[in-house]
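Order-wise, the sequence lines are chains A and B. Residue numbering for the first sequence follows the numbering used here, starting at 34 and increasing by one per position. Residue numbering for the second sequence follows the numbering used here, starting at 13 and increasing by one per position. Even for Gly, the Cβ is constructed at its ideal location relative to N, Cα and C.
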Amino acid sequence: AQSVTQLGSHVSVSEGALVLLRCNYSSSVPPYLFWYVQYPNQGLQLLLKYTTGATLVKGINGFEAEFKKSETSFHLTKPSAHMSDAAEYFCAVSERGYSTLTFGKGTMLLVSP
Amino acid sequence: DTAVSQTPKYLVTQMGNDKSIKCEQNLGHDTMYWYKQDSKKFLKIMFSYNNKELIINETVPNRFSPKSPDKAHLNLHINSLELGDSAVYFCASSRSTDTQYFGPGTRLTVL
């Protein structure tokens, strides 16, 4: 069975500050890892994903995440927050060869001016 | 072009009623899903269909019945609606086990 833990249901940053959203996973087989963003009253949009290869993956809107197998982590970062980044962020895991996504409980990113 | 669309966007109904939510994707994907997002924003898979065949059926009451008339459509029918069914339901699609693309969601409110 797989699981995802997102540390912090809410993260607050100032505009221009570093964004760090934490995600730890549990999987019995090599995982595929994803970050999705959900803006208010909208569906989920893929930010980035890790499948194989380079462990640092870059996504849309300046976000990136690093897969660290030894730490079972896949933290999401952005060097400089923008007001438009305020949204709910979900980390998700799937097992290779299977399509089922297991989501974390989400982290709401709040950006203040 | 809308990739994954759902209708209706909002659905308000009384307990005990039967309702359906429709989902269509124009991405040419072969796998479609239904997820439920509860009031605390937690997302959980309900069903998955591959080429019109059910491949995942999580622990969901049998009042929920998915139907896939073709690879581009996956509808969700709910019988005898209960208060606890109030949630946002998301449809998604993918090419096999590749990235899933989500629809805009249907907010169901049961009164």
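Contact set for residue i: own chain, Cβ-Cβ below 6 angstroms, skip 5 residues either direction
i: residue 41/A; result: 140
Proximal residues to residue i (C-beta, below 7 angstroms), its chain only, five neighbours per side dropped
i: residue 99/A; result: 88, 89 and 108
i: residue 42/B; result: 62, 63, 83, 107 and 108
i: residue 48/B; result: 56, 58, 99 and 101
Residue i versus the options, residue with shortest Cα-Cα distance
i: residue 67/A; options: 73/A, 46/A, 57/A and 114/A; result: 57/A
i: residue 102/A; options: 35/A, 34/A, 45/A and 59/A; result: 59/A
i: residue 146/A; options: 95/A, 115/A and 124/A; result: 115/A
Classification of residue i by the beta-carbon crowding that lies within 10 angstroms, buried from 16 upward
i: residue 93/A; result: exposed
i: residue 29/B; result: exposed
i: residue 101/B; result: buried
i: residue 200/A; result: The structure shown has nothing for residue 200/A, since chain A only spans 34 to 146.
i: residue 118/B; result: buried
i: residue 50/B; result: exposed
Presumed contact (8 angstroms Cβ cut-off) between residue i and residue j, rounded CB distance
i: residue 54/A; j: residue 112/A; result: About 13 angstroms; that fails the 8 angstroms criterion.
i: residue 31/B; j: residue 90/B; result: 6 angstroms
i: residue 46/A; j: residue 136/A; result: Contact flag wrong, Cβ pair sits at about 23 angstroms.
i: residue 76/B; j: residue 16/B; result: The Cβ separation is near 19 angstroms, so there is no contact.
i: residue 48/A; j: residue 144/A; result: 6 angstroms
Short Cβ contact (8 angstroms threshold) for residue i with residue j
i: residue 94/B; j: residue 44/B; result: no
i: residue 69/B; j: residue 59/B; result: yes
i: residue 120/B; j: residue 104/B; result: no
i: residue 87/B; j: residue 34/B; result: yes
i: residue 91/A; j: residue 111/B; result: no
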